[in-house]
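Chain order of the listed sequences is D and C. Sequential numbering of the first sequence, starting at 1, is according to this note's numbering. Sequential numbering of the second sequence, starting at 1001, is according to this note's numbering. Backbone N, C-alpha and C define an ideal beta-carbon position, used for all residues, glycine too. Since the model is a prediction, treat every value here as computed from it, not as a measurement. Since the structure comes first, as structure tokens, the remarks are kept for the end.
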Amino acid sequence: AQSVTQPDIHITVSEGASLELRCNYSYGATPYLFWYVQSPGQGLQLLLKYFSGDTLVQGIKGFEAEFKRSQSSFNLRKPSVHWSDAAEYFCAVGALGRALTFGSGTRLQVQP
Amino acid sequence: EPEVTQTPSHQVTQMGQEVILRCVPISNHLYFYWYRQILGQKVEFLVSFYNNEISEKSEIFDDQFSVERPDGSNFTLKIRSTKLEDSAMYFCASISGGRETDTQYFGPGTRLTVL
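Written out as structure tokens, the structure is:
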């Protein structure tokens, strides 16, 4: 069965600092990997995705993620966090046309 | 940019009542999904729908749930007899299908409160 683990429930960083959110997955085949962001009371917005090819993918809002097959990881990074990045971040794994399995999410707080 | 829309944004109902949550997927999309998120918890898959039938469903999607695409634009989730534990945010999603780079696009959600 597929699963996603986001080990950090809550992370606080200072504005301007770098950020890394961890995601580990378990999947029986080549995974399709996603990061979504959810602001309070809002829906899920896609930040970036990995299907194949270059293992470092760029997304919106200055985010990037690196797929590491050997570590079953797909960590999300941003070099300099802005106050507007405060939100909940979800990693998800799936296959084309199939259900997505989400992690439990990481809540990001940004300190001024 | 096309987007998935959902109505209503918030639905309050009494336990035992039927509710219908509505979604309008992106117009040329072929695969449709419902997910739910209980407050403070992860997003969970309920059901997927393709070619006018259910293609996949989770254990959560029991007999009290049903989905329908009544016309060319709407995609609905019906809960026949709501329970307190059905209180959650329900998200609809869709993808176009058939291309490697397809992504599930999510609607803003319907918050269901069962009293």
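* To do: Provide the residue span of the beta strand (DSSP E) that contains D:Cys91, from first to last.
  => By one-based count along the first sequence, residue 91 of chain D stands at place 91. Here the beta strand (DSSP E) through D:Cys91 covers 87 to 94.
* Quick one: does D:Ala99 have its CB under 8 Å from some CB of chain C? -> The count along the first sequence starts at 1 and reaches residue 99 of chain D at position 99. By this cut-off, D:Ala99 is an interface position.
* Return the Cβ separation of D:Ala113 and D:Leu76 in integer angstroms, given the expectation that the two are a contact with Cβ distance under 8 Å. => With chain D represented from 1 up to 112, any question about residue 113 of chain D goes unanswered, as that position is not in the structure.
* Let me know the secondary structure DSSP gives C:Ile1026 once reduced to three states. => As a working note, residue 1026 of chain C is residue 26 in the second sequence. Three-state result, C:Ile1026: coil.
* Mind checking C:Trp1034: buried by the 16 CB within 10 Å criterion, or exposed? -> Here residue 1034 of chain C refers to the residue found at position 34 when the second sequence is read from its first residue. It is buried - the Cβ of C:Trp1034 has at least 16 other Cβ atoms within 10 Å.
* To do: May I ask you to list, following chain order, the residues of the segment 35 to 57 of chain D that have a beta carbon less than 9 Å from some beta carbon of chain C?
  => Tyr36, Gln38, Gly41, Gln42, Gly43, Leu44, Gln45, Leu46, Lys49, Phe51, Ser52
* Hey, does C:Asp985 have any beta-carbon neighbour from chain D nearer than 8 Å? -> Because chain C is modelled from 1001 through 1115, residue 985 of chain C falls outside the range shown and cannot be assessed.
* Evaluate D:Ser80 with the Cβ neighbour count: other Cβ atoms within 10 Å of its Cβ, from every protein chain shown; 16 or more gives buried, anything less gives exposed. => Within the first sequence, residue 80 of chain D is the residue found at index 80, counting from 1. So D:Ser80 counts as exposed.
* Asked: How is D:Ile60 classed by DSSP in three states: helix, strand or coil?
  -> Residue numbering aside, residue 60 of chain D sits at position 60 when the first sequence is read from its first letter. In the structure shown, D:Ile60 sits in a helix (DSSP, three-state: H, G or I).
* Asked: If you draw a straight line from the C-alpha of D:Leu46 to the C-alpha of D:Leu96, how long is it?
  -> Here residue 46 of chain D is taken as the residue at index 46 of the first sequence, counted from 1. Here residue 96 of chain D is taken as the residue at index 96 of the first sequence, counted from 1. Their Cα atoms are separated by approximately 16 Å.
* C:Met1015, buried or exposed, once every other Cβ within 10 Å from all chains shown has been counted against 16 -> Along the second sequence, one-based indexing puts residue 1015 of chain C at 15. Counting the other CB atoms within 10 Å of its CB gives C:Met1015 a total below 16, which places it among the exposed residues.
* Starting from the C-beta of D:Asp8, find all residues in its chain whose C-beta is less than 7 Å away, skip the five residues before and the five after it, and write them out in chain order. => Locating residue 8 of chain D in the first sequence gives position 8, counting from the first residue. The beta carbon of D:Asp8 sits closer than 7 Å to the beta carbons of Leu21, Arg22, Thr106 from its chain, once the five residues preceding and following it are set aside; these are given in chain order.
* To do: Find the nearest neighbour of C:Leu1077 within the set C:Leu1084, C:Phe1065, C:Glu1044, C:Ser1055, judged by alpha-carbon distance.
  => Within the second sequence, numbered from 1, the residue matching residue 1077 of chain C stands at position 77. Checking every option, the nearest Cα to that of C:Leu1077 belongs to C:Phe1065.
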